């Protein structure tokens, strides 16, 4: 029971901190909307071309926004010493870490999901396809958060880790990108997308169950520096 | 409750800091770790706390027993109010402190540490000494037997140091033990105080 309470406290704490530090929420969101909005403006109003490139652009922008946001995940906790306290706490570290990643997803990816239908309209996608796009993002962005958190946990003790983080994490993001954009593509041509969605869901289950263990181990290594 | 250290060896960046270190800490005892800058005091404390793996040797301590750790950084969040920070400390202190958990105990802890009336202020507006006092609140909010403190009196004023020494004396009298480094004179006397000199 007290573990559930601790989980919720950590979740609540991180959401509170994020809301008091709003640029952490707005930066990825702004990045995502700017990138996706600039493409239709730059390429020109050709509905066919826009519909073809929309899935790839939506997903690449979401992926880079997730990478941009990920760097904040443990950075401030590492700097102010709360990460040491978290590691030494008798509460199970992998669960506390899950709460932190979940909070991070709530503040960095959910606003992005809410904005997606609006941005998808600028690519001329129809309603069912937008629905599928939302579904793939809903399944895929938590995977990005959890996998990204492993990379951040490994590199948090390094001073300038941005590039290293990208190199570590981007290859692991590729399957999500492929199946996510492919599902939207398939839906746009009116075919069933169950297969891609099931695979994305499987990745989500794997990430939620296994990534916290890796994140906890990586954090223990990082605080020992 | 007893902490045994056997044949401890630590290196940092290919430099050996100490080797074959051994001591025993019993309930009610205080260990003062002394040594000049760079002699490995912080590394020793981190190893004892379990933040670092020793390069050789063992730290024998019941795994499930929580400890209180206070390092160079205060472990408080600038974006949470003082009271929210204390509530988080209670959560992190674990199951043992569940009984004590309520807003009242947080407020009385703040009063005890001389921070009354600052509960709803953000630590980013605090002075360094006030932040240290807030960090020391975790001594009162946890029921852990072992305190491991790295320079706990840093940034504290005279009254703050006296307050800390009173807390430490109380903790030792109740059968708790503590390991700390300090460049300040510690105003506690008695046979329960051990000193360990690290000379690299």
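Protein chains in written order, with UniProt numbering: chain Z, 1 to 225; chain Y, 1 to 200.
Ideal Cβ positions, reconstructed from N, Cα and C, are used throughout, including at glycine.
Just so you know, these numbers come straight off a predicted model, no measurement behind them.
Would you say residue i lies against chain Z (beta-carbon separation less than 8 Å)?
i: residue 152/Y; result: no
i: residue 80/Y; result: yes
i: residue 115/Y; result: no
i: residue 53/Y; result: yes
i: residue 49/Y; result: yes
i: residue 180/Y; result: no
i: residue 33/Y; result: no
i: residue 91/Y; result: yes
i: residue 129/Y; result: no
i: residue 77/Y; result: yes
i: residue 94/Y; result: yes
i: residue 1/Y; result: no
Report back the beta-carbon spacing between residue i and residue j to the nearest angstrom; my notes put them in contact at under 8 Å.
i: residue 66/Y; j: residue 90/Z; result: 4 Å
i: residue 32/Z; j: residue 112/Z; result: 5 Å
i: residue 177/Y; j: residue 3/Y; result: 7 Å
i: residue 133/Z; j: residue 125/Z; result: 7 Å
i: residue 80/Y; j: residue 88/Y; result: 7 Å
i: residue 184/Y; j: residue 29/Y; result: The Cβ separation is near 19 Å, so there is no contact.
i: residue 147/Y; j: residue 68/Y; result: 5 Å
i: residue 143/Z; j: residue 204/Z; result: 5 Å
i: residue 93/Y; j: residue 142/Y; result: 4 Å
i: residue 17/Y; j: residue 180/Y; result: With a Cβ gap of about 18 Å, residue 17/Y and residue 180/Y do not count as contacting.
i: residue 149/Z; j: residue 70/Z; result: 7 Å
According to DSSP, simplified to helix, strand and coil, what is residue i?
i: residue 29/Z; result: helix
i: residue 164/Y; result: helix
i: residue 131/Z; result: helix
i: residue 180/Y; result: strand
i: residue 69/Z; result: helix
i: residue 137/Y; result: helix
i: residue 191/Z; result: coil
i: residue 106/Y; result: helix
i: residue 62/Y; result: coil
i: residue 9/Y; result: strand
i: residue 186/Y; result: coil
i: residue 34/Y; result: strand
i: residue 196/Z; result: helix
i: residue 16/Y; result: strand
i: residue 81/Y; result: coil
i: residue 97/Y; result: Residue placement at residue 97/Y is poorly supported in this model, since its pLDDT is 49, which falls under 50; the coordinates still yield a value, given next. Three-state DSSP puts residue 97/Y in a helix.
i: residue 121/Y; result: coil
i: residue 76/Y; result: coil
i: residue 150/Y; result: strand
i: residue 116/Y; result: coil
i: residue 68/Y; result: strand
i: residue 194/Y; result: strand
i: residue 50/Y; result: coil
i: residue 3/Y; result: strand
i: residue 155/Y; result: coil
i: residue 123/Z; result: coil
i: residue 40/Y; result: coil
i: residue 38/Z; result: helix
i: residue 7/Z; result: helix
i: residue 158/Z; result: coil
i: residue 202/Z; result: helix
For residue i, decide whether its Cβ has a neighbour in chain Y, counting only Cβ atoms nearer than 8 Å.
i: residue 223/Z; result: yes
i: residue 88/Z; result: yes
i: residue 107/Z; result: no
i: residue 80/Z; result: yes
i: residue 17/Z; result: yes
i: residue 21/Z; result: yes
i: residue 84/Z; result: yes
i: residue 91/Z; result: yes
Could you tell me if the beta carbon of residue i falls within a distance shorter than 7 Å of some heavy atom in the ligand ATP?
i: residue 116/Y; result: The model on display carries no ligand, and the ligand ATP is accordingly not part of it.
Three-pair Cβ contact test at 8 Å for the region 21 to 38 of chain Z versus the region 57 to 64 of chain Z: yes
Chain Y contacts from the region 2 to 15 of chain Z (Cβ-Cβ distance under 8 Å): 2, 5, 6, 9, 10 and 13
Meets three-Cβ-pair contact criterion under 8 Å: the region 34 to 44 of chain Y and the region 207 to 223 of chain Z: no
Contact between the region 8 to 15 of chain Z and the region 96 to 114 of chain Z (3+ Cβ pairs under 8 Å): yes
Cβ pair count under 8 Å reaching 3, the region 71 to 79 of chain Y against the region 100 to 117 of chain Y: no
Three-pair Cβ contact test at 8 Å for the region 182 to 202 of chain Z versus the region 14 to 26 of chain Y: no
Stretch pair the region 153 to 164 of chain Y + the region 188 to 197 of chain Y: three plus CB contacts closer than 8 Å: no
Residues of the region 142 to 157 of chain Z whose Cβ lies closer than 9 Å to any Cβ of chain Y, in chain order: none
Residues within the region 59 to 74 of chain Y neighbouring chain Z, beta-carbon criterion of under 8 Å: 64, 66, 67, 69, 71, 72, 73 and 74
At least 3 beta-carbon pairs within less than 8 Å: the region 6 to 15 of chain Y vs the region 47 to 58 of chain Y: yes
Any 3 or more C-beta pairs closer than 8 Å across the region 166 to 179 of chain Z and the region 43 to 52 of chain Z: no
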